[in-house]
Amino acid sequence: MNRRRLLIVLLFMALPVFAFWATSDATLSTVRQPISTGQVSLRPQIVGHWTTNPDPEMWRTAISFAFLESGRYEQSQLVLIAGMALMTERDGKKSLASSTVEGTWELVGDEIRVRATQSTDHDSIEPFSYRVRYADGLSMRLEHAGEELDLFRTE
1 MNRRRLLIVL LFMALPVFAF WATSDATLST VRQPISTGQV SLRPQIVGHW TTNPDPEMWR
61 TAISFAFLES GRYEQSQLVL IAGMALMTER DGKKSLASST VEGTWELVGD EIRVRATQST
121 DHDSIEPFSY RVRYADGLSM RLEHAGEELD LFRTE
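Per the numbering used here, residue 1 is the first one in the sequence shown, and the count goes up by one each step.
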């Protein structure tokens, strides 16, 4: 009898959580529909400066991106080791070490194709691409190598 009562109590406790999860998921899926390339040009929603974390206090862990109107691409982030920013010293001045990639980008359908021309980490970088999953001008979701990346406009 106690086992049955416990099961019923657990079921009733789980129902509101499931109901909230189901409605919030449905709301998210209706708001963030996948991009249909035939509807509108994505370029105006993509051009600009972006970050992976809009919280000013979390700037050390954020990755910054720039997709400029000129076709220039920039990506930068601090180099972290065990969660701590790496410091470098040049000409007696200490500064935070950063990793940067620069190059060009072009939009083909819902795919952003990047050709890197300079990198602080590698001598050469193969061209790579992002698939645009969502873009509204204020936030954007990109897919790269099976991973999703949420970006937020910084301008």
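We put the CB at the ideal spot given by N, CA and C, even for glycine.
Three-state class that DSSP yields for residue i in the structure shown
i: residue 57; result: helix
i: residue 81; result: strand
Exposed unless 16 or more other CB atoms sit within 10 angstroms - verdict on residue i
i: residue 140; result: buried
i: residue 121; result: exposed
i: residue 50; result: buried
i: residue 46; result: buried
i: residue 62; result: buried
i: residue 42; result: buried
i: residue 151; result: buried
i: residue 135; result: buried
i: residue 112; result: buried
i: residue 28; result: In this prediction, residue 28 has a pLDDT of 37, which is less than 50 and means its spatial position is unreliable; what the coordinates show is noted afterwards. Exposed, because fewer than 16 other Cβ atoms sit within 10 Å of the Cβ of residue 28.
i: residue 114; result: buried
i: residue 132; result: buried
For residue j and residue i, believed in contact at Cβ under 8 Å, the rounded distance
i: residue 153; j: residue 48; result: 6 Å
i: residue 98; j: residue 78; result: 5 Å
i: residue 138; j: residue 149; result: Contact doesn't hold; Cβ gap of about 16 Å is too wide.
i: residue 130; j: residue 104; result: About 14 Å separates the two Cβ atoms, so there is no contact after all.
i: residue 101; j: residue 81; result: At roughly 19 Å, the Cβ-Cβ gap does not stay under 8 Å, so residue 101 and residue 81 are not in contact.
Residues that residue i bridges to, as DSSP identifies them
i: residue 76; result: 64, 100
i: residue 95; result: 88
Minimum Cβ-Cβ distance from residue i to chain C less than 8 Å
i: residue 147; result: Checking the listed chains, one finds no chain C in this structure; it contains a single protein chain.
- Query: At which residue ranges does the stretch 120–146 contain complete alpha helix (DSSP H) runs of 4 or more residues, listed in the order of the chain?
  - Reply: none
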